[in-house]
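K.L.:
Each residue of the sequence shown is one higher than the one before, counting from 0 in numbering that gives the first Met the number 0.
Backbone N, C-alpha and C define an ideal beta-carbon position, used for all residues, glycine too.
Computed from a predicted structure; not experimentally measured.
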Amino acid sequence: MSSMYHRLRHRPVVAVAAMAGLVLAAAACSSSNSSAGSTAGSGGNVTISIDCAPPAAQQPVQHKEWIEDVAIFEKANPSITIDSVYNYPCDNVPAAFTAMLRAGTESNLYYTYFTDLPQVLLAGQAANITKYVNSTTVPTLNDIAPSSMKADEAGSQIYGLPTSNYTQGIIYNRQLFTEAGLNPNDPPTTWAQVETDAKAISKLGKGIEGWGDYSAGNNGGWHFSSYMDALGGTAVNNSGATPTADFNNADGTAILQALHTLRFTDNAMSPTQGLAWGTLQQQFAAGKLGMYIAAPDDIYNVIVPTDKGNLSDIGMAPLPSLTGTPAGSLSGGNDFMFSPKDTPAQIQAGIKWLNFEDLTPGDGQFNYARQKADGFPVGFPEPQLFVGATGTKINQLRDKYATINTSYYSSFVNAQVPGDGEPLDAQAVYKTLDPVMLAVLTEPNANIPALLASASTNVNTILANSAG
0 MSSMYHRLRH
10 RPVVAVAAMA
20 GLVLAAAACS
30 SSNSSAGSTA
40 GSGGNVTISI
50 DCAPPAAQQP
60 VQHKEWIEDV
70 AIFEKANPSI
80 TIDSVYNYPC
90 DNVPAAFTAM
100 LRAGTESNLY
110 YTYFTDLPQV
120 LLAGQAANIT
130 KYVNSTTVPT
140 LNDIAPSSMK
150 ADEAGSQIYG
160 LPTSNYTQGI
170 IYNRQLFTEA
180 GLNPNDPPTT
190 WAQVETDAKA
200 ISKLGKGIEG
210 WGDYSAGNNG
220 GWHFSSYMDA
230 LGGTAVNNSG
240 ATPTADFNNA
250 DGTAILQALH
260 TLRFTDNAMS
270 PTQGLAWGTL
280 QQQFAAGKLG
290 MYIAAPDDIY
300 NVIVPTDKGN
310 LSDIGMAPLP
320 SLTGTPAGSL
330 SGGNDFMFSP
340 KDTPAQIQAG
350 IKWLNFEDLT
360 PGDGQFNYAR
370 QKADGFPVGF
380 PEPQLFVGAT
390 GTKINQLRDK
400 YATINTSYYS
410 SFVNAQVPGD
420 GEPLDAQAVY
430 KTLDPVMLAV
440 LTEPNANIPA
450 LLASASTNVN
460 TILANSAG
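1. Just to confirm the assignment, what range does the beta strand (DSSP E) spanning Glu208 have?
2. Can you tell me whether Leu255 is buried or exposed, with buried defined as 16 or more other CB within 10 angstroms of its CB?
3. Residues in its own chain within less than 8 Å of His259 by CB, not counting five upstream and five downstream?
4. Evaluate Gly40 with the Cβ neighbour count: other Cβ atoms within 10 Å of its Cβ, from every protein chain shown; 16 or more gives buried, anything less gives exposed.
5. Could you check whether Ser83 and Trp65 sit closer than 8 Å to each other, using their CB atoms as the reference points?
6. Does the structure place the region 198-209 close enough to the region 389-403 that three or more beta carbon pairs sit under 8 Å?
7. Since Ser146 is in the alpha helix (DSSP H), which residue starts that stretch and which ends it?
8. Mind reading off the beta-carbon distance from Ser225 to Ile292? Whole number of angstroms is fine, and I expect it under 8 Å.
9. Buried or exposed for Glu105, please, with buried defined as at least 16 other CB atoms from any protein chain shown within 10 angstroms of its CB.
10. Measure from the alpha carbon of Phe72 to the alpha carbon of each residue in Gly374, Leu450, Lys351 and Val428, then state which is nearest.
11. Figure out for me which residue from Asp265, Asn354 and Gly378 has the closest Cα to the Cα of Pro443.
12. Out of curiosity, what's the CA-to-CA distance linking Ala50 and Tyr110?
13. CB Leu462 to CB Leu423, shorter than 8 Å?
14. Write down every uninterrupted run of the alpha helix (DSSP H) in the region 147-184 whose length is 4 residues or greater and which is fully enclosed by it, in chain order.
15. Thinking C-beta only, is Asp245 closer than 8 Å to Gly231?
16. Using the three-state DSSP reduction, which class does Thr422 fall into: helix, strand or coil?
17. Can you tell me the Cβ-Cβ gap for Gln415 and Ala144, rounded? I've got them flagged as a contact below 8 Å.
18. Classify Ser125 as buried or exposed, calling it buried when 16 or more other Cβ atoms lie within 10 Å of its own Cβ.
19. For the beta strand (DSSP E) that Thr305 lies in, which residues bound it at each end?
20. Identify the residues that DSSP records as bridge partners of Phe337: which are they?
21. Rounded to whole angstroms, what is the Cα-Cα separation between Gly277 and Pro59?
22. Which value, in whole angstroms, describes the spacing of the CA atoms of Gly216 and Lys430?
23. If you follow the beta strand (DSSP E) that Ser83 is in, where does it begin and where does it stop?
24. Which of the three DSSP states is assigned to Leu21 in this structure?
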């Protein structure tokens, strides 16, 4: 099974970026030129290079679709030529991305992650496109999720356009819910309900665990940060002059206590801990794990195509909270930025292309009719790029052409949990929080207040150095 997208939506942990790139798939393409626009008569021809195009050898169907989209766009815009850069996977290895920025060898439009903006600006490799971005050049602009646009902004200046976004939720095994006597259409929304359901699932025996989580490779801190968002808190408070750690409090304590209880009181988690990205997906696909948190792409990019899980067994719900209504979720995604060497004409042409390929319902990555015809699964709740009328329109199109049972994901979709982005110096923060998660999941007498206090001190040092 292939994903409908040709780009990663997030880079949660640098150590697994290359692995995650192996399961990329292509954006669906359009047979309509409604958003392709026209620059006929604009005077002068312009060529724009765009990286992250799907190569024929690794992604033949996606490559074919990309070529067809380029043809549609160029026919509507005869003065623009698209120069596709077929790098596979995209520049998603941190060292390679940094080297590209230092050398200034990026294409006219180049792919980045939401967390890359500070590095890109520090390297001086982003064109300021503010004066070219408006509701005329990007008609859906005002409906782009605020957290997504924020990732491309520094103050009031715009340096790129988002093309995908994700939030997290509970991925759960509907079959195990049924076997445990639980209602697969009523997934847990509170930590108390998580505990009840996890215990019931674990009692099935046969090596089946009710709940799973990470505590290595920066992934434990990543999940902890999302749990904080769901409770209405934040791992890092950016409101002051200097960002500060904000998890040594009641929210942080509640999260860690809930996990510790699941592990040692309820025996609802595996005795094997220190898990990093990839392990939970494998356990889940093998029918040995009832629940864990992730973004939707874990399902269609990993669990089903790579780990051979059964799609009909999988459901998704919002993140757990104390009240049953999550206040937020760690979110992320990707975008395209513009080289500082780009001419005004190249910037305008690039915005026109992104509007056509990535930001218009029914076209490009949102042409669900095309996806269905080409055998891609349709109906997964991602990318969560838009709100408002545009978001509603995309959801309607997705449902119209769905090839999966969208009711299995309805509670996640209906929750509409807002994305909170990632903390400053995210990977360093996550790395510092990994040992906290590991201790809570491996030490029966873990001192949670001491763990939080120590980690808070260390994160404040990191943030002070980053800000300075």
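P.N.:
According to the data block:
1. Looking at the DSSP string, the run of the beta strand (DSSP E) that includes Glu208 is Glu208 to Trp210.
2. A buried status is given to Leu255, since no fewer than 16 other beta-carbon atoms sit within 10 Å of its beta-carbon.
3. Excluding the 5 residues flanking it on each side, His259 has same chain C-beta neighbours closer than 8 Å at Val439, Leu440, Ala445 and Ile447, in chain order.
4. Because the pLDDT of Gly40 is 40, which lies under 50, any placement of that residue in the model is unreliable, and the question is left without a value.
5. Contact flag set, yes.
6. Too few Cβ pairs lie closer than 8 Å, so no.
7. Boundaries of the alpha helix (DSSP H) harbouring Ser146: Pro145 to Lys149, taken from the DSSP string.
8. Indeed, because the Cβ distance is near 7 Å, the residues count as touching under 8 Å.
9. Buried, because 16 or more other Cβ atoms sit within 10 Å of the Cβ of Glu105.
10. If we check each option's Cα against that of Phe72, Lys351 comes out closest.
11. Closest in alpha carbon position to Pro443, among Asp265, Asn354 and Gly378, is Asp265.
12. It is worth fixing the name first, because residue 50 is Asp in this sequence and not Ala. If you draw a straight line from the Cα of Asp50 to the Cα of Tyr110, it is about 7 Å long.
13. Contact check for Leu462 against Leu423 passes: the beta carbons are separated by less than 8 Å.
14. You should have 173-178.
15. Not a contact, by the Cβ cut-off of 8 Å.
16. Note that residue 422 corresponds to Pro in the displayed sequence, not to Thr. DSSP places Pro422 outside both helix and strand once states are collapsed to three, so it counts as coil.
17. Contact flag wrong, Cβ pair sits at about 10 Å.
18. Per the sequence shown, the amino acid found at residue 125 is Ala instead of Ser. Buried: at least 16 other Cβ atoms inside 10 Å.
19. Per DSSP, Thr305 belongs to no beta strand (DSSP E) and is neither H nor E.
20. Phe337 is bridged to Leu108.
21. Taking the straight line joining both Cα atoms gives about 26 Å.
22. Rounded to the nearest angstrom, the two C-alpha atoms are 7 Å apart.
23. Following the DSSP letters along the chain, one finds Ser83 inside the beta strand (DSSP E) bounded by residues Ile79 to Ser83.
24. Its pLDDT being 25, under 50, Leu21 is placed unreliably in this model, and the value from its coordinates should be taken loosely. Leu21: coil per DSSP, three-state reduction.
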